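These notes concern the structure reproduced below.
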Amino acid sequence: MSCELNKKERAGVINPIFTCQPAGAQYASIGIEDCIGIVHGGQGCVMFVRLLFAQHFKDNFLLASSSLHEDAAVLGGVHRVEKAVDVLLMRYPEVKVVPIISTCSTEIIGDDIDGVVRKLNSGLLKEKYADREVHLIPIHTPSFKGSMIEGYDVAVKDFVKAFAKKEEPNGKINLITGWVNPGDVTALKHLLSEMDVDATVLFEIESFDSPLMPDGEAVSHGSTTIEDMKSTANAIGTIALNRYEGGQAANYLEKEFEIPAVIGPTPIGIRNTDAFLANIKIMTGKPIPKSLVRERGIAIDTMTDLIHMFFADKKVAIYGNPDLVIGLAEFCLDLEMKPVLLLLGDDNKKYSKDPRIIELQEKVEFEMEIVQNADLWELENRIKTKDLDLDLIIGHSKGRFTSIDNDIPMLRVGFPVYDRAGYYRHPIVGYAGAIWLVEEMANVLFTDMEYKKNKEWILNVW
Amino acid sequence: MPYHEFKCSECIPERKKHAVVKGEGEDLTSCLPLGYLNTIPGTISERGCAFCGAKHVIGTPMKDVIHLCHGPVGCTYDTWQTKRYISDNDNYQFKYTFATDMKEKDIVFGAEKLLKQNIIDAFKAFPEIKRMSVYQTCASALIGDDIDAIAKEVMGEMPDVDIFVCNSPGFAGPSQSGGHHLINIAWVNQKVGTFEPKITSDYVINYVGEYNIQGDQEVMVDYFRRMGIQVLSTFTGNGSYDDLRGMHRADLNVLECARSAEYICNELRVRYGTPRMDIDGFGFKPLSESLLKVGMFFGLEKEAQTIIDEEIARWKPEFDWYARRLKGVKVCLWPGGSKLWHWAHVIHDEMNVDVVSLYTKFGHQGDMEKGIARCAEGALAIDDPNELEGIEAMKELKPDIILTGVRPGEVAKKMRVQYLNAHAYHNGPYKGFEGWVRFARDIYNAVYSPIHQLSGLDISKDEIDTDNRFMTRQMISDVKIDTEAAEASDEREYTGDYDCVTKLRGKKYPKLEKEALSID
Numbered sequence: 001m002s003c004e005l006n007k008k009e010r011a012g013v014i015n016p017i018f019t020c021q022p023a024g025a026q027y028a029s030i031g032i033e034d035c036i037g038i039v040h041g042g043q044g045c046v047m048f049v050r051l052l053f054a055q056h057f058k059d060n061f062l063l064a065s066s067s068l069h070e071d072a073a074v075l076g077g078v079h080r081v082e083k084a085v086d087v088l089l090m091r092y093p094e095v096k097v098v099p100i101i102s103t104c105s106t107e108i109i110g111d112d113i114d115g116v117v118r119k120l121n122s123g124l125l126k127e128k129y130a131d132r133e134v135h136l137i138p139i140h141t142p143s144f145k146g147s148m149i150e151g152y153d154v155a156v157k158d159f160v161k162a163f164a165k166k167e168e169p170n171g172k173i174n175l176i177t178g179w180v181n182p183g184d185v186t187a188l189k190h191l192l193s194e195m196d197v198d199a200t201v202l203f204e205i206e207s208f209d210s211p212l213m214p215d216g217e218a219v220s221h222g223s224t225t226i227e228d229m230k231s232t233a234n235a236i237g238t239i240a241l242n243r244y245e246g247g248q249a250a251n252y253l254e255k256e257f258e259i260p261a262v263i264g265p266t267p268i269g270i271r272n273t274d275a276f277l278a279n280i281k282i283m284t285g286k287p288i289p290k291s292l293v294r295e296r297g298i299a300i301d302t303m304t305d306l307i308h309m310f311f312a313d314k315k316v317a318i319y320g321n322p323d324l325v326i327g328l329a330e331f332c333l334d335l336e337m338k339p340v341l342l343l344l345g346d347d348n349k350k351y352s353k354d355p356r357i358i359e360l361q362e363k364v365e366f367e368m369e370i371v372q373n374a375d376l377w378e379l380e381n382r383i384k385t386k387d388l389d390l391d392l393i394i395g396h397s398k399g400r401f402t403s404i405d406n407d408i409p410m411l412r413v414g415f416p417v418y419d420r421a422g423y424y425r426h427p428i429v430g431y432a433g434a435i436w437l438v439e440e441m442a443n444v445l446f447t448d449m450e451y452k453k454n455k456e457w458i459l460n461v462w
Numbered sequence: 001m002p003y004h005e006f007k008c009s010e011c012i013p014e015r016k017k018h019a020v021v022k023g024e025g026e027d028l029t030s031c032l033p034l035g036y037l038n039t040i041p042g043t044i045s046e047r048g049c050a051f052c053g054a055k056h057v058i059g060t061p062m063k064d065v066i067h068l069c070h071g072p073v074g075c076t077y078d079t080w081q082t083k084r085y086i087s088d089n090d091n092y093q094f095k096y097t098f099a100t101d102m103k104e105k106d107i108v109f110g111a112e113k114l115l116k117q118n119i120i121d122a123f124k125a126f127p128e129i130k131r132m133s134v135y136q137t138c139a140s141a142l143i144g145d146d147i148d149a150i151a152k153e154v155m156g157e158m159p160d161v162d163i164f165v166c167n168s169p170g171f172a173g174p175s176q177s178g179g180h181h182l183i184n185i186a187w188v189n190q191k192v193g194t195f196e197p198k199i200t201s202d203y204v205i206n207y208v209g210e211y212n213i214q215g216d217q218e219v220m221v222d223y224f225r226r227m228g229i230q231v232l233s234t235f236t237g238n239g240s241y242d243d244l245r246g247m248h249r250a251d252l253n254v255l256e257c258a259r260s261a262e263y264i265c266n267e268l269r270v271r272y273g274t275p276r277m278d279i280d281g282f283g284f285k286p287l288s289e290s291l292l293k294v295g296m297f298f299g300l301e302k303e304a305q306t307i308i309d310e311e312i313a314r315w316k317p318e319f320d321w322y323a324r325r326l327k328g329v330k331v332c333l334w335p336g337g338s339k340l341w342h343w344a345h346v347i348h349d350e351m352n353v354d355v356v357s358l359y360t361k362f363g364h365q366g367d368m369e370k371g372i373a374r375c376a377e378g379a380l381a382i383d384d385p386n387e388l389e390g391i392e393a394m395k396e397l398k399p400d401i402i403l404t405g406v407r408p409g410e411v412a413k414k415m416r417v418q419y420l421n422a423h424a425y426h427n428g429p430y431k432g433f434e435g436w437v438r439f440a441r442d443i444y445n446a447v448y449s450p451i452h453q454l455s456g457l458d459i460s461k462d463e464i465d466t467d468n469r470f471m472t473r474q475m476i477s478d479v480k481i482d483t484e485a486a487e488a489s490d491e492r493e494y495t496g497d498y499d500c501v502t503k504l505r506g507k508k509y510p511k512l513e514k515e516a517l518s519i520d
């Protein structure tokens, strides 16, 4: 009995878990105020990513394309970037930050986006936009390397690198959240506020959950400012919640500006949230207040009602963003469940050296498998061939038919979730997130018991 | 030329000729925007790419096929589970998507071996599926992988499989429309004529340019079959790969979406002499005329008329209930391509709504010609609209509802404009007689939403109505109608089922069975 770390053996992908790098950079860029990214590539690389965001958040987010057509694909397309920057700046006077995000096509043809940024800085911006603050930031996200996870990680680092500037200490911590939902940011800010800690949050995306206002003027956009990013160089320290989504930025700040970095743990579940608070306490010297003891108590109270009756020994498969999957697996273990299969959707070489994965390999007593470079067929095929017996699937909506067709209940967690209403509003991090996860898991299992008439009468009293 | 210059686009003069207002007495000679030109970078246009036009719009609705993209994973992922082209084989084609997952070393050294292994592994994973479409992407096009050669090699080694290759990289054209063209021609070049279908009727059609959005194809095919017509293939919604290889055996190509699929009809006419007949599946009158047209071709007018009479008797009273209440509702008709002209006149003539604007994301000038010819005077027509222009138009025109895609629908929502999904529908199907009622019903439900009324109230300064504890749609809509006349009529609200498509599957068609016997 042990935990094995394997790689998918089959060539290619059947039902991918992730999309490609540029999507990650686009997700990071919508978190910044007065920022519209230009994706240098075919129009689909933007159109579909915007659709994906709209599917998940039920809102619209602004991203532009350099609209690479055939002539540019053959003869080079940097002039399309020049034109795109000018058109964008002319029509969006508030825009200050314009990441130029490359794609597979423009990386293959060798378009020099760093060069064009230099050219625009010394040319167009000086000549036509001299009175205006504009930052062009080249971000290399060739789609054939890594995944959307790496694209996000690279973009966060590139933004921080572009802006971070040593000035007076600001007394704040940097909190790099990773690829989260508005509900998570609310939960994290709540914890910081209870700790009386001031933080620069990368990225402030609470406003992704935006209202429909009587004047019809509201829009969904992130609110991290240039000032916020500048001041990351003056923080007490950086906490990056996720190793693979923001870890590079934390390391950069440590190396370049000696801002101490703590990477992880992803505060999913009680234990990881405890560790997160402990890290803040060490970094800031602020004590953990009684209010959080109480909040934690409410979470534990909720769990105590459920765990040993309904969760114990339930076999779970989890897929999605790596830090999320690992965090959820650790939480499931605390909940007496058995996360028997974890699927990590890309081929990041760092997974085999990840201390959390090593810990699972060393300590788990039951049969568990972690598959790298996995796709959703790795899950479905195991179910269909009876190699895997599951009580619950945890993952994002792209796997919905694996659940539906195989009659296995599924809790939607991660990105994207488009077949359940309002999930972006609920946190999965912190004690509030722990409560939501546990209660939703229970409700998903309960609904399944009723649907299948599987001891549904047990719920008459518990 | 009554060009409409958007304030937001004054700084890009190239845009000027892309929007017109159809003025009084004006026709196409004086009022036609430019169309299908390269997109201006950075405008935040709504266009997609030629890859998605080929793979996502036309390729993937084919139902019994492994759809494999040769490229990095994103092209596959992004075009997966974002449309509603259902099928009667449990939606295989949108449940499973395949990518060769090209990585850096493949870009450097070529990915033909990887592609071959992928094809073999994919067939191994689904042994019951013997057909495959392989789609080129930007990456595989630029490194020059010879997908056709690999497909031939595999077909040589695995005689029971058949593979179609679609070379339509994302950059091949100004929009998704480039991909429509490429895949049409690729199919007729590679596959038509390579399979001999079983002919079971004297009246045989291909149904072309129909993608079975929420069951449109199944509704229309039901009419054709009731007339005794064999639908040999559908290009491509709910369509079967081998049926489509046999397209050359039909007597007639019945074309629905001329934007995306006229190319194949034209090729079939040239190569096999099969005539092309354009039809409209939307709206009582256009649909009736279309069925009659097809009937006349085969001498089946009586059969067509019987269906039309039956369907109109069943659904007209329900449609009229909504049409009475939709009078004067202002609509922005902002679809992708063909619905621009499919709907431009008929929603006005039959539903009584006013089309104040129409636009096309990827249509050509020909689509605008048809749309502008059909729409009422005063409408603002926009080619390749962008985000700011859409917002400016909505502010100016103050529509009650826009018919468009999911994401632009979210833009409208924030501006307190209701939205209906023109691509994938809200609660479709919208084709067919019953579908037309469903369309009117969905517009009605959006426009007269009590919550929509509340959304305009600013509780910080407006007077709050404390008398009404609730409102119903009808309380809002019926203020402006002649209630006595409404009550005296036989009109009623929609009474159909939530799912009106599944029950059509497995239905028996006596006329077709008799035909089949006489042919045997």
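Protein chains in written order, with the numbering used here: chain E, 1 to 462; chain F, 1 to 520. Idealized CB from N, CA, C, for every residue including glycine. In this text, all values refer to a predicted model and were calculated from it rather than measured experimentally.
Closer than 7 angstroms to chain E by CB, residue i
i	result
isoleucine 107/F	yes
asparagine 38/F	yes
serine 455/F	yes
arginine 84/F	no
glutamine 117/F	yes
glutamate 5/F	no
isoleucine 150/F	no
Proximal residues to residue i (C-beta, below 7 angstroms), its chain only, five neighbours per side dropped
i	result
tryptophan 343/F	Phe282 and Leu333
glutamate 456/E	Met449 and Glu450
threonine 284/E	Ile173, Val197 and Ile236
Sequence-distant residues of its chain with Cβ nearer than 6 angstroms to residue i (five each side left out)
i	result
isoleucine 139/E	Ala25, Pro99, Ile101, Ala155 and Asp158
leucine 175/E	Ala199, Val201 and Ile239
alanine 422/F	Pro335, Lys339, Leu403 and Thr404
isoleucine 465/E	As shown, chain E starts at 1 and ends at 462. That puts residue 465/E outside it, with no answer to give.
leucine 324/E	Gly414
With 16 other Cβ atoms within 10 Å as the buried cut-off, status of residue i
i	result
cysteine 11/F	exposed
lysine 350/E	exposed
methionine 368/E	buried
asparagine 386/F	buried
lysine 503/F	exposed
tyrosine 27/E	buried
methionine 62/F	buried
asparagine 468/F	exposed
glycine 44/E	buried
Residues bridged to residue i [DSSP beta-bridge criterion]
i	result
leucine 437/E	In the DSSP output, where bridge partners are listed per residue, leucine 437/E has none listed.
serine 418/F	In the sequence under discussion, the amino acid at residue 418/F is glutamine, which differs from the serine named in the question. Ile401/F, per the DSSP bridge assignment.
aspartate 330/F	In the sequence on display, residue 330/F carries lysine and not aspartate. Per DSSP, Asp354/F.
serine 65/E	Val39/E
Within-7 angstroms CB hit, residue i to chain F
i	result
isoleucine 14/E	yes
serine 372/E	Checking the sequence, you will find glutamine at residue 372/E rather than serine. So, not an interface residue.
proline 355/E	no
cysteine 20/E	yes
arginine 80/E	yes
Give, in chain order, every residue of the segment 103-117 of chain E whose Cβ lies closer than 8 angstroms to some Cβ of chain F. Per Cβ criterion, the list reads Thr103, Cys104, Ser105, Ile108 and Ile109.
Compile a chain-ordered list of the residues in the segment 365-383 of chain F whose CB is closer than 7 angstroms to at least one CB of chain E. Result list empty, no residue passes.
Quick one, which residues of the segment 51-73 of chain E are near chain F if we go by CB-CB under 9 angstroms, in chain order? Answer in chain order: Leu51, Leu52, Phe53, Ala54, Gln55, Phe57, Lys58, Asp59, Asn60, Phe61, Leu62, Leu63, Ala64, Ser65, Ser66, Ser67, Leu68, His69, Glu70, Asp71, Ala72 and Ala73.
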